[in-house]
Every structure is written in C-alpha cells, then in structure tokens.
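Down below is the structure, laid out as structure tokens.
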Amino acid sequence: MTTSTFSNVCAADCYGACRIKTTCEQGRIIQITGDPSDPYTRGALCAKGYTLIERTYSASRILYPMKQSPKGSGQWHRITWDQAFTEIAERLIRIEEQEQSLLPVCLDKYLGSVGILNRTVEGFFRSIGPVTVMSGSPCEPAGAEALRLSYGARRKSVPEDMLNAKLILIWGCNPAWTAPHQMRYIYEARERGAELVVIDPILTATAARADYYVQIRPGTDGLLALGMAKVLVEEDMVNHAFLQSHTHGFEAFRRMLSTVDLGAVSTATGVPTADVVRLARLYAGRKPATIWLGIGAQHAPAGGQNYRAIDALAALTGNIGIPGGNVHYGTDEAWAYAREYEQLPPPASRTATGPRKIGTGRYGELSSLTPPVRFLWVAGRNPVSQNPDSSLITRTLRSLETVVVADQFMTATAAMADYVLPVASFFEYEDVVIAHWHYGAAVNQQAIEPPGECRSDLEIMRGLAATLNRLKPGFSTFPVERTAEAWLDAEMKPRLYPLLGITHFRELLQGYHRVNLPSVAWADRQFLTPSGKYEFLAGRALEHGLPPLPAPISPDDAPEAYPYLLLTVRSFAVLNSQFRDDPRLLEVEPGGRLFLHPDTARAKGVADGDAVHVYNMLGELSLTASLTAAVQPDLLVVHVGDASPAGDQLNSLISLREADLGHLSSGFRGLSFGHIHVNFAKVEGR
Ligand SMILES: Nc1nc2c(c(=O)[nH]1)N[C@H]1C(S)=C(S)[C@@H](COP(=O)(O)OP(=O)(O)OC[C@H]3O[C@@H](n4cnc5c(=O)[nH]c(N)nc54)[C@H](O)[C@@H]3O)O[C@H]1N2
Ligand SMILES: Nc1nc2c(c(=O)[nH]1)N[C@H]1C(S)=C(S)[C@@H](COP(=O)(O)OP(=O)(O)OC[C@H]3O[C@@H](n4cnc5c(=O)[nH]c(N)nc54)[C@H](O)[C@@H]3O)O[C@H]1N2
Ligand SMILES: [Mo]
Numbered sequence: 009m010t011t012s013t014f015s016n017v018c019a020a021d022c023y024g025a026c027r028i029k030t031t032c033e034q035g036r037i038i039q040i041t042g043d044p045s046d047p048y049t050r051g052a053l054c055a056k057g058y059t060l061i062e063r064t065y066s067a068s069r070i071l072y073p074m075k076q077s078p079k080g081s082g083q084w085h086r087i088t089w090d091q092a093f094t095e096i097a098e099r100l101i102r103i104e105e106q107e108q109s110l111l112p113v114c115l116d117k118y119l120g121s122v123g124i125l126n127r128t129v130e131g132f133f134r135s136i137g138p139v140t141v142m143s144g145s146p147c148e149p150a151g152a153e154a155l156r157l158s159y160g161a162r163r164k165s166v167p168e169d170m171l172n173a174k175l176i177l178i179w180g181c182n183p184a185w186t187a188p189h190q191m192r193y194i195y196e197a198r199e200r201g202a203e204l205v206v207i208d209p210i211l212t213a214t215a216a217r218a219d220y221y222v223q224i225r226p227g228t229d230g231l232l233a234l235g236m237a238k239v240l241v242e243e244d245m246v247n248h249a250f251l252q253s254h255t256h257g258f259e260a261f262r263r264m265l266s267t268v269d270l271g272a273v274s275t276a277t278g279v280p281t282a283d284v285v286r287l288a289r290l291y292a293g294r295k296p297a298t299i300w301l302g303i304g305a306q307h308a309p310a311g312g313q314n315y316r317a318i319d320a321l322a323a324l325t326g327n328i329g330i331p332g333g334n335v336h337y338g339t340d341e342a343w344a345y346a347r348e349y350e351q352l353p354p355p356a357s358r359t360a361t362g363p364r365k366i367g368t369g370r371y372g373e374l375s376s377l378t379p380p381v382r383f384l385w386v387a388g389r390n391p392v393s394q395n396p397d398s399s400l401i402t403r404t405l406r407s408l409e410t411v412v413v414a415d416q417f418m419t420a421t422a423a424m425a426d427y428v429l430p431v432a433s434f435f436e437y438e439d440v441v442i443a444h445w446h447y448g449a450a451v452n453q454q455a456i457e458p459p460g461e462c463r464s465d466l467e468i469m470r471g472l473a474a475t476l477n478r479l480k481p482g483f484s485t486f487p488v489e490r491t492a493e494a495w496l497d498a499e500m501k502p503r504l505y506p507l508l509g510i511t512h513f514r515e516l517l518q519g520y521h522r523v524n525l526p527s528v529a530w531a532d533r534q535f536l537t538p539s540g541k542y543e544f545l546a547g548r549a550l551e552h553g554l555p556p557l558p559a560p561i562s563p564d565d566a567p568e569a570y571p572y573l574l575l576t577v578r579s580f581a582v583l584n585s586q587f588r589d590d591p592r593l594l595e596v597e598p599g600g601r602l603f604l605h606p607d608t609a610r611a612k613g614v615a616d617g618d619a620v621h622v623y624n625m626l627g628e629l630s631l632t633a634s635l636t637a638a639v640q641p642d643l644l645v646v647h648v649g650d651a652s653p654a655g656d657q658l659n660s661l662i663s664l665r666e667a668d669l670g671h672l673s674s675g676f677r678g679l680s681f682g683h684i685h686v687n688f689a690k691v692e693g694r
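Below is the structure:
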C-alpha cells in the first residue's frame with residue numbers, strides 16, 4: 009500500500025489559516041492532522057477543520073458542470089465542460105455584439121478561498137475589458153476605515169503580542185468560536201497576570217472565560233467608549249506626553265467629551281455608570297493594555313464611528329506602538345501580492361476604461377443600471393444566504409438572463425443558477441495561502457486528484473478564455489498558457505518573496521515562514537494621516553461630509569410592531585453558510601434555532617423547543633426556540649448563515665443598509681447587518 013503525506017493549509021476566510029498534514033493512501037485522503045510544526049496553531053485544527061475529509065468526499069459535492077432549466081426548477085442535467093464553456097462564451101459574445109459593451113456582465117466574487125490563485129477569477133474579468141464588478145466587502149470595511157481615519161493605515165501587532173498585555177479587552181469579538189487558536193495566547197497572558205475583559209451583548213464562550221464581562225446594548229459601543237474617555241480625561245488618567253507629541257485634535261475631542269453625559273451613556277448602553285468608570289480605570293490602570301475589535305460590532309449602522317471612538321481610548325492612554333498595547337483588528341497587510349490579475353490589459357478592441365463598480369450586495373440596482381446587467385458570475389460567495397435581503401437576491405437571480413455559479417456545493421445561490429461549475433477544493437491543486445491574522449504563509453500541495461470533473465477556478469477561467477478566443481479571436485487577453493506556478497511566482501516575487509525571505513514559493517514547504525511585518529505596529533509613531541499624527545479630529549472625514557470627531561449616534565428606537573433586536577452571530581461549528589451538512593457538526597449545530605432569554609420566551613408563552621416565527625416587514629422565518637440567559641431580554645439571536653427547515657434564509661429579515669464608513673478609501677461602505685427590528689410569535693398547534 010503506498011502512503012504519502014502532503015502539506016496543506018485551510019483556505020477559508022478565517023483567522024487560523026490552519027496548516028494540515030494530509031495522509032493519502034492510493035490517491036485518497038485517509039487522515040488529516042493539524043501541522044505540529046506551525047507555531048501559531050500548534051498542531052490544532054478547529055471543529056470544522058476536523059471534518060474536511062468527509063467534506064472532500066461528501067455526496068453533496070458538485071462533481072460535473074450542470075445546467076438548470078428552467079432556472080430555480082431544480083431540474084438539472086449534467087453537461088460537458090466543452091458545452092458549458094461554449095454556451096457561456098456564446099452568451100458573452102452575444103452580449104458584446106448586441107450592446108457593444110460588456111458592462112451587462114457582472115462579477116460577484118469574494119473569499120470562499122483565500123488562496124492566491126483564486127484571484128485569477130478577477131483577472132479573467134479584467135481580460136475581457138470593462139465589466140461590472142461588485143466591489144467593497146461584506147466583511148470589515150467600516151472598522152477598517154475607522155483605523156485609516158485615525159492612524160492613516162490599517163495595521164496591527166502580531167497576535168502573539170497579546171502575551172505582553174496586562175489587560176486584554178475583547179470588544180465585540182468571540183475568538184473562542186471564531187479564532188480558537190488565539191485563546192491559547194489569551195490564557196497564557198492571563199497566567200502571566202493579564203486581566204481579560206469582554207464587552208458583548210451576549211455572554212459568549214469568550215465572555216464566559218473573562219475576569220470581567222460587560223453586557224452592552226448592540227450598536228452603542230461608541231457611546232460607551234466616549235463615556236470611558238470622559239472618565240479618563242476627568243480623572244486625569246490620560247498620557248499627556250503621548251497626546252502632546254503624537255496626536256492631532258485632542259482639544260476638540262476633549263471639548264466634545266464635556267458634552268457627554270454619563271447617565272445618558274448608561275441608559276443607552278445598558279452599562280451601569282459604575283461599570284463605565286470601572287472599565288475606564290481598569291483600561292488606563294493596567295498598562296500595556298490591548299483592545300481586540302471583532303467584525304461583529306462594526307456591522308452596526310454606526311459601526312465605523314463606534315470603532316473610531318474605541319480607537320481613541322488607545323491614543324488617550326498612549327497604548328499605541330508599545331508591546332502589549334495597540335488595537336488589534338483584521339488587516340490585509342500581509343496580502344502583498346503584485347496584483348497582476350488587476351493589470352491584465354483589455355483586448356485592443358475595447359476601451360481601456362476600468363470596470364464599472366457597484367457596492368457589494370446592491371443586487372436591487374443591477375437591472376436599473378445603464379446598460380443593465382444581464383449576466384452574472386458568482387465565485388467564492390453565497391449571496392442568497394450571506395447578503396442582506398435574501399428574497400431580493402433570489403428575485404434578481406431569477407430575472408437575470410444568465411447566472412453562472414462556481415462552487416463546490418449546491419448552495420442557495422447555486423440553486424438559482426443557469427450553470428453550476430464544480431470547483432476543486434484546496435487539497436486538489438497547488439496554491440499558496442497567506443494568513444491575514446498571523447501572516448503565516450503556506451503551500452497547498454496537490455494531495456489528491458479532483459473528484460469527478462472538478463477544476464480549480466484558474467483552470468475554469470483558462471478554459472473559458474480559450475473557448476472565447478476560439479469562437480471570437482482576441483476576445484480575452486487572459487494568459488491561457490501561464491501555469492499556476494508562474495501565476496504564484498509572479499504574484500509573490502516582487503514583495504512577498506523578500507518579506508518571506510525566500511526565492512521560490514515551494515521553499516515554504518521546508519518550514520514555517522511568516523510575512524515579516526513589524527511585530528509591534530506603529531512602534532515608530534509615524535502615522536500615515538495628513539497630520540502625521542494620530543487623528544482624533546480627522547479632516548478627511550469632514551471632506552466626505554462626515555463628522556471629523558468620532559461621533560457615535562444612538563441606534564434608532566424599535567418601532568412598536570417590532571420591539572426586539574435581531575443579532576446574527578457566528579457559530580463555532582459552521583463557517584458563514586458552509587459546513588452545514590456534516591452529521592457530527594449538525595449534532596452540535598443543528599441550525600434553525602432562535603436563542604432568546606427565558607423571560608422573553610415566557611412573556612409569549614414559548615417554552616424551550618417550541619416552534620416560533622420571527623418576522624418583520626421584509627420577511628419571516630420559522631425557527632425552534634432555544635432558551636438561554638446568556639442573551640439580553642429584548643434580543644433575539646440567530647447564527648449567521650442559518651435558514652429555516654423550509655429554506656427561508658436568515659438574511660431575508662435583513663434589509664440592505666450600508667454602514668457609515670468604508671467608502672473613503674475603497675469607494676464603498678461596509679454592509680450593516682446589525683440593529684434589525686423584528687417580532688416573534690409562538691407557532692400554535694404544535
Ligand atoms: N467558527 C467560525 N469562525 C469564523 C467564521 C464563522 O462563520 N464561523 N467567519 C469568519 C469571518 S468571515 C469573520 S468576519 C470572523 C468574525 O469573527 P467575530 O467578529 O468574532 O464574529 P461575530 O460572531 O460576527 O461577532 C463577534 C461578537 O460580536 C458581538 N456583537 C455583535 N454586535 C455587537 C455590538 O454592537 N457591540 C458589541 N460590543 N458586540 C457586538 C456578537 O455578539 C459576537 O459575540 O470570523 C471568521 N471565523
Ligand atoms: N446576517 C449576517 N450576514 C452576514 C454577516 C453577519 O455577521 N450577519 N457577516 C458577513 C461577513 S463578515 C462575511 S465575510 C460574508 C461572507 O459571505 P460569503 O463569502 O458569501 O459566505 P460563505 O458562506 O463563506 O460563501 C463562500 C462560498 O465559497 C465557496 N467556495 C469555497 N472555496 C471555493 C473556491 O475555491 N472557489 C469558489 N469558486 N468557491 C469556493 C463555498 O463553498 C461557499 O459557498 O457574510 C456576511 N453576511
Ligand atoms: Mo467576514
């Protein structure tokens with residue numbers, strides 16, 4: 009029996025980017041373990057990671073190109089790659105001939121795989137000339153822009169720097185579920201004497217391990233931060249030297265704080281005034297103190313301004329640029345690709361203008377653009393499940409002339425496609441993954457042949473480009489002959505090879521390599537803002553009609569008909585809409601649950617396990633009540649990516665609402681998934 013082992017790395021859009029040792033026998037994966045030589049993950053995977061063998065060989069993998077007609081009917085039939093490429097190419101060519109433009113062609117692409125080669129999908133759509141591209145990100149833009157306004161760039165210290173902190177303040181993040189490896193560093197820091205504080209509307213698995221847990225009303229974080237800032241200033245717990253030398257606009261900020269009323273802060277946030285004071289004293293009193301901002305809390309309507317107010321706490325106390333200090337928030341600094349995929353020239357016959365960009369999620373606008381979108385390509389995304397307003401997305405997909413989805417599974421979005429193209433998993437082709445959280449860089453070796461007729465995104469784009477050029481010479485400039493190895497080499501050579509200390513990406517197989525970014529961010533205090541300082545007062549915000557000082561707003565009151573707030577949070581056993589069919593994961597995360605406080609349930613006569621109906625003006629969802637005192641009484645909590653057993657999507661309750669920041673640098677605001685007003689009722693007769 010021939011056994012071989014391979015090095016792999018999970019390509020999910022996640023904190024871990026866990027390295028895997030894969031053992032194969034006769035071309036089949038028989039075992040996976042975490043790679044013990046990885047100093048960050050220390051040989052552990054997450055609950056989802058341990059099911060990757062079953063996922064690879066799952067009966068629900070899409071194995072062949074499939075065509076559905078009519079769309080949404082569930083009547084699929086298998087077609088050959090040649091038929092898929094030819095028919096899709098003919099549709100693209102027809103659009104160009106009819107409209108003398110490819111703007112009716114739209115790409116919706118995100119990070120289903122963070123492998124570098126995945127970016128060649130964007131490359132293909134560059135190579136055919138200007139098309140429409142959904143731009144921005146559904147994830148982190150509001151919080152990222154807050155950092156850019158305050159510091160001039162989005163940087164963070166390496167995750168291990170939390171070991172140096174005397175206080176770790178986790179604000180709207182649940183690493184025990186979403187970044188489990190980081191918990192070891194947090195526990196270790198605690199053993200060295202650090203205190204752990206968690207601010208979250210839910211008593212999460214992370215909060216349960218804290219020394220001090222503060223339960224806050226969702227969306228009010230900025231007010232809490234201003235309340236703390238006021239205490240810091242009034243009790244003179246600020247770092248005068250730091251303020252003097254390294255900040256801009258402190259006087260204006262201080263004047264604003266004088267108008268903040270701690271009683272009002274307490275009423276809005278639900279945090280007793282004594283706790284606001286205690287939090288402020290704790291944060292200023294235990295130096296160095298670090299803050300970890302999650303993605304969840306910046307999905308609030310004022311998420312960006314809230315994060316600016318929190319950032320200000322670090323500046324007030326001089327917790328910037330020192331070991332164990334700083335604010336941690338996801339960054340893409342380590343993704344220092346050459347971005348050749350963005351520079352493929354358009355064909356000579358088409359003008360060299362850039363793509364027409366529209367904000368991600370704006371499906372409702374596709375048909376009213378001039379010219380309207382007729383053709384959509386979705387890759388590495390499941391918008392029906394993950395975008396706001398699922399019903400709108402489904403309606404739009406139904407109305408489009410052609411929808412192509414490249415995925416491994418029949419997602420809710422794929423179910424509304426004309427063509428589904430089967431994508432290979434990261435065990436099935438060579439690629440490189442760079443961890444955006446800990447900067448580790450690793451090769452995915454090809455461990456097995458793709459099952460059925462699955463192909464990598466690169467191969468799919470290559471095949472389509474070749475077909476297009478055969479049918480209409482010169483249609484695409486995509487470098488069809490360029491190998492995967494050449495792509496990886498080109499993307500990594502200019503900046504990543506030097507940062508990794510290598511000359512070829514396969515050297516990464518010889519041991520752990522990390523993109524060499526400073527271990528402590530901003531140690532030189534050379535901020536990249538217009539003033540060169542940390543900016544409490546950001547002129548750039550003013551230029552865009554935004555308040556130059558962090559000016560959090562109280563979230564709107566609940567309308568009478570919808571008195572409960574819906575909060576959507578991540579589960580440890582799923583990844584967004586993925587991993588929902590593994591029997592072991594289903595045991596712990598069966599899905600379809602509404603988490604609510606026992607008092608809230610009692611008021612409506614609902615008992616644990618009862619069927620309930622959650623609704624608002626936009627949609628409705630049938631779920632099973634799960635009673636827990638971890639949730640505030642007027643909150644209803646559902647796990648991200650969930651759906652009712654009948655297939656109604658959680659996000660059918662969430663209207664498209666953009667966050668307050670994100671657009672200054674990228675042109676597009678983040679999406680707001682927070683502060684959704686709903687009501688619920690017991691389903692009688694069951
Ligand atoms: N297991 C697992 N891991 C994942 C993912 C997954 O789906 N599952 N997804 C990956 C992705 S794409 C991302 S972006 C990250 C997200 O990682 P996290 O940010 O950790 O995840 P969330 O659950 O979105 O939000 C974290 C916490 O924010 C809290 N929160 C929500 N609104 C507010 C608020 O207004 N104020 C405060 N203070 N807290 C609030 C929620 O209650 C929740 O406990 O995780 C990544 N890792
Ligand atoms: N209600 C609510 N909605 C949210 C959020 C929330 O907090 N609340 N969070 C938002 C956030 S932070 C994020 S990041 C988004 C995530 O939104 P999405 O990125 O749409 O979420 P996923 O469900 O992870 O979908 C990724 C898809 O990519 C596929 N895939 C995996 N590998 C590959 C590959 O190599 N090639 C191709 N072509 N496909 C591949 C997977 O099978 C999966 O179907 O959701 C957002 N939506
Ligand atoms: Mo995300």
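Just so we're aligned: the sequence shown equals residues 9 to 694 in the numbering used here.
Glycine included, every Cβ here is placed at the ideal spot set by N, Cα and C.
Item, Value
"Should residue 536 go down as buried or exposed, given a rule of 16 or more other Cβ atoms within 10 Å for buried?", "exposed"
"Looking only at its chain, what residues have a beta carbon closer than 6 Å to the beta carbon of residue 250, apart from the 5 residues adjacent to it on each side?", "326"
"How many Å lie between residue 128 and residue 135 at the Cα?", "10 Å"
"Quick check on the DSSP output: the beta strand (DSSP E) that includes residue 31 runs from which residue to which?", "27-33"
"Whose CA, out of 202, 104, 21, lies closest to the CA of residue 123?", "21"
"Quick one: grab the DSSP three-state call for residue 579.", "coil"
"Does the separation of the CB atoms of residue 255 and residue 323 fall below 7 Å?", "yes"
"Sorted by chain position, which residues of the same chain lie with C-beta nearer than 6 Å to residue 144's C-beta, five sequence neighbours on each side aside?", "367, 368, 674, 676"
"Going by DSSP, name the residue or residues bridged to residue 84.", "76"
"Under a three-way DSSP split, which group does residue 623 fall into?", "strand"
"Between which two residues does the alpha helix (DSSP H) carrying residue 501 extend?", "Here residue 501 belongs to no alpha helix (DSSP H), and DSSP marks it neither H nor E."
"For ligand 2, is there a heavy atom less than 6 Å away from the beta-carbon of residue 389?", "yes"
"Among 235, 689, 17, 104, which has the Cα closest to the Cα of residue 609?", "689"
"If you draw a straight line from the alpha carbon of residue 602 to that of residue 304, how long is it in whole angstroms?", "18 Å"
"Report yes if the C-beta distance between residue 655 and residue 424 is below 7 Å; otherwise report no.", "no"
"Measuring alpha carbon to alpha carbon, tell me which of 562, 517, 446 ends up nearest residue 169.", "446"
"Which of the three DSSP states, helix, strand or coil, is assigned to residue 163?", "coil"
"Counting only the same chain and skipping the five closest in sequence on each side, list residues whose C-beta sits under 8 Å from that of residue 616.", "609, 633, 634, 635"
"Compute the minimum distance between the beta carbon of residue 22 and the heavy atoms of ligand 3, and state whether it is under 6 Å.", "no"
"Touching or not, the segment 215-223 and the segment 263-276, by the rule of three or more beta carbon pairs under 8 Å?", "no"
"Could you check what DSSP says for residue 230 in three-state terms: helix, strand or coil?", "helix"
"Spell out the partners DSSP gives residue 142 in its beta bridges.", "366"
"Report, in whole angstroms, the separation of the C-beta atoms of residue 197 and residue 173, which I expect to be a contact under 8 Å.", "6 Å"
"Would you call residue 596 buried or exposed, if buried means 16 or more other Cβ atoms sit within 10 Å of its Cβ?", "exposed"
"Can you grab the Cα-Cα spacing for the pair residue 382 / residue 426, in whole Å?", "12 Å"
"Tell me whether residue 15 sits in a helix, a strand or coil according to DSSP, three-state version.", "strand"
"Does residue 151 come out as helix, strand or coil in the three-state DSSP assignment?", "helix"
"In this structure, what does DSSP give as the bridge partners for residue 114?", "140, 384"
"Going residue by residue through the segment 161-203, where are the continuous beta strand (DSSP E) segments of at least 3 residues, counting only ones entirely within it?", "175-179"
"Mind checking residue 375: buried by the 16 CB within 10 Å criterion, or exposed?", "exposed"
"If you measure from the CB of residue 576, is any heavy atom of ligand 2 nearer than 6 Å?", "yes"
"Hey, quick one: how far does the beta strand (DSSP E) through residue 485 stretch, first residue to last?", "Segment: none, residue 485 is in no beta strand (DSSP E) and carries neither H nor E."
"Drop a sphere of 10 angstroms on the beta-carbon of residue 478, count the other beta-carbons inside from all chains shown, and report buried for 16 or more, exposed for fewer.", "exposed"
"Starting from residue 611, trace the alpha helix (DSSP H) both ways and give me its first and last residue.", "606-611"
"Can you name the start and end residues of the beta strand (DSSP E) that residue 298 belongs to?", "297-301"
"Have a look at 431, 263, 571 and flag the residue whose alpha-carbon is nearest the alpha-carbon of residue 419.", "431"
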